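In the working numbering, the protein residues as written are 103 to 347.
Ideal Cβ placement from N, Cα and C applies to all residues, glycine included.
Quick caveat: nothing in here was measured; it's all calculated off a predicted structure.
Structure first, commentary second.
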Ligand code: BGC
């Protein structure tokens, strides 16, 4: 079974058809840059354009960087504020003419990593963090997903993601050592509360893990995401498959 997976991010949206039995992307992923935050209507047009390029007629899974309750987006920390309160399943379904299932982007990445990637066959307490424009998070335990918002934990008087996101390292031109040490401080706070047995680091920066993992020093075993930053696309498609039964 094939489902189109789309990952809406802070700087681009990316998508590809996914084989949901293997989690593999079945075509080169398409990427649409969004240098300025798109309004919901313009984002819907971009999503429809992406689906059209694949000549897509079928279910679509969409990951979005915000709190999702049912078909609605409740927060939009790094995207257009017009998404807050938006019934995005309806918006994107109307724009594409296809059934749409909506999920938080980090929760989508966690689904893909636990089913086919770095957490495969692991049933213990797992924390997945995605480091990109913001910090995404999800917990997994005995095959159950719990999306959460640990990037907004208050740290140094502001949201932790304003201190540890990969975008902060780039913007402030921090060395891998300085940024990796920051990440370590943040992760050790999370460990005090959550005690994960496994930590999976996703987002584009997971590909460069050799540069900074040595500075993080977590208690738990920490590994890079196997899908690197492709997990959001695969996971969004898996979510749509799960929802459609
Ligand atoms: C959002 C999360 C999202 C994360 C990563 C945060 O700012 O609140 O929902 O998962 O960024 O994109």
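- Taking the C-beta atoms as reference points, residue 300 is found nearer than 9 Å to residue 229.
- Between residue 247 and residue 209, the CB-CB gap stays under 9 Å.
- Taking non-hydrogen atoms of the ligand BGC into account, the C-beta of residue 120 is found less than 8 Å away from none of them.
- Closest in alpha carbon position to residue 286, among 273, 243, 303, is 303.
- Annotation for residue 249: no alpha helix (DSSP H) segment contains it, though the beta strand (DSSP E) segment containing it runs 246-250.
- Annotation: the continuous beta strand (DSSP E) that includes residue 119 extends over 114-121.
- In the DSSP assignment, residue 133 falls within the beta strand (DSSP E) that extends over 132-135.
- The Cβ neighbour count for residue 206, taken over all protein chains shown within 10 Å, is at least 16; the residue is labelled buried.
- A residue is called buried when at least 16 other Cβ atoms come within 10 angstroms of its Cβ; residue 110 meets this threshold and is buried.
- Following the DSSP letters along the chain, one finds residue 295 inside the alpha helix (DSSP H) bounded by residues 278-296.
- Taking C-beta atoms as the reference points, residue 119 and residue 156 count as a pair closer than 9 Å.
- CA-to-CA, the gap between residue 112 and residue 170 works out to about 16 Å.
- A direct Cα-Cα distance of roughly 31 Å separates residue 115 from residue 244.
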